[in-house]
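Contents: one structure, followed by commentary.
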Amino acid sequence: MDSFFGIGFPELVLILILAGLVLGPKRIREVARTLGRLIGQMQAISNQFKRQLNAELDALDSEEMRGAVQEMKQLRREVDDLRKQVRSIPEEVAREGRQAVTEGETAFKPVSRSEPQPTPSSGTDSDGAERPAVPTPDDLPKPIEVPDDPQ
Numbered sequence: 243m244d245s246f247f248g249i250g251f252p253e254l255v256l257i258l259i260l261a262g263l264v265l266g267p268k269r270i271r272e273v274a275r276t277l278g279r280l281i282g283q284m285q286a287i288s289n290q291f292k293r294q295l296n297a298e299l300d301a302l303d304s305e306e307m308r309g310a311v312q313e314m315k316q317l318r319r320e321v322d323d324l325r326k327q328v329r330s331i332p333e334e335v336a337r338e339g340r341q342a343v344t345e346g347e348t349a350f351k352p353v354s355r356s357e358p359q360p361t362p363s364s365g366t367d368s369d370g371a372e373r374p375a376v377p378t379p380d381d382l383p384k385p386i387e388v389p390d391d392p393q
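Residue 322 in our numbering is what sits at position 80 of the sequence shown, and the numbering runs on without skipping anything.
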């Protein structure tokens, strides 16, 4: 026993000697018995409290803890599924973007003719990339005349 409420063994001996001088030999026995009974009762109460607390915790462990563990496992699975969904969103967006670009390129590709005709504005850029040909007025479609609607 190193210290009891911050009181070491030498201080405890000094307190007992002073109590013996102040109380006298008869009263010191009565005080010691009373303190012994109080300490015994406090130990019995604390032991009973420990037993009751352990019994309650064991009861909780068996039923409620199983349910809580099952709920935690279910929540963990749901969180994992959500993580997978969130991580797949950028991949889906990129895939959709590539698909839109491909569709746009195919939709706006110039119509190829059986005989390629050189145009003065076609050629290559300074970096060597192929420039698209600028249509001439002969390449543009002719307007169609539509009669006015009588209504």
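Beta carbons: idealized from backbone N, C-alpha and C, even for Gly.
- Cβ contact annotation for P332 (same chain, cutoff 7 Å, sequence separation greater than five): none.
- Going by C-alpha positions, L324 is about 24 Å away from R308.
- In the DSSP assignment, I331 falls within the unbroken alpha helix (DSSP H) covering E306 to A349.
- Residue pairing for I287: DSSP places it in no beta bridge.
- In this structure, the CA atom of G250 is about 28 Å from the CA atom of K292.
- Rounded to whole angstroms, the gap between the alpha carbons of P379 and V335 is 40 Å.
- In this structure, the CA atom of D381 is about 58 Å from the CA atom of D322.
- Per DSSP, reduced to three states, the secondary structure at I259 is helical.
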